[in-house]
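Right, one structure below, let's go through it.
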């Protein structure tokens with residue numbers, strides 16, 4: 004597996020978690036305080052903080068502390084990088100309506116060679 008494929012897979016694994024995905028959806032609307040995210044998601048603040056820590060470690064969010072409050076926002080550069088990785092790794096431009104092309108893409112997604 005190439006370095007790009009490994010990196011893309013790590014993003015996919017993070018986004019596959021329902022809570023992390025919901026956090027990202029909320030942050031797409033703009034910066035949010037951790038306590039507000041916890042309330043909106045109906046989760047304990049400690050659990051939200053745990054998910055945010057994972058998202059921060061992956062480089063997908065930024066946070067800043069103001070007094071006792073922590074505000075989070077998306078790292079737009081990371082999401083652009085993720086989009087570019089999807090294009091490069093999966094090569095969507097080569098997908099056509101022919102069954103053979105779809106089969107090649109399915110094999111690539113399953114880790115096979117094209």
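Numbering (the numbering used here), first residue to last: 4 to 117.
Cβ atoms here follow ideal geometry from the backbone N, Cα and C, with glycine treated the same way.
Excluding the five sequence neighbours on either side, which residues of its own chain have a C-beta within less than 7 Å of the C-beta of residue i, listed in chain order?
i          : result
residue 47 : 41
residue 90 : none
Near residue i, what residues of its chain come up, given a Cβ to Cβ distance below 6 Å and the 5 sequence neighbours on each side ignored?
i          : result
residue 85 : 14
residue 93 : none
residue 81 : 62, 63
residue 72 : 36
In three-state DSSP terms, what is residue i?
i           : result
residue 66  : strand
residue 117 : Bear in mind that a pLDDT of 47 at residue 117, under 50, signals an unreliable position, so the model cannot answer this.
residue 94  : coil
residue 18  : helix
residue 3   : Examination of residue 3 is not possible in this model, given that the chain is present from 4 through 117 alone.
residue 4   : coil
residue 47  : coil
Apply the 10 Å Cβ neighbour rule to residue i and answer buried if 16 or more other Cβ atoms are within range, or exposed otherwise.
i          : result
residue 26 : buried
residue 23 : buried
residue 30 : buried
residue 11 : buried
residue 58 : buried
To which residues does DSSP link residue i through a beta bridge?
i          : result
residue 77 : 64
residue 36 : 74
Tell me, to the nearest whole angstrom, how far the beta carbon of residue i is from that of residue j; I am working on the premise that it is less than 8 Å.
i          : j          : result
residue 77 : residue 63 : 7 Å
residue 66 : residue 50 : Actually they are not in contact, since the Cβ atoms of residue 66 and residue 50 sit about 16 Å apart, beyond 8 Å.
residue 39 : residue 52 : That pair is no contact at about 13 Å.
Please work out which residues of its chain come closer than 8 Å, Cβ to Cβ, to residue i, disregarding the five sequence neighbours upstream and downstream, and give them in chain order.
i          : result
residue 18 : 24, 27
residue 8  : 92
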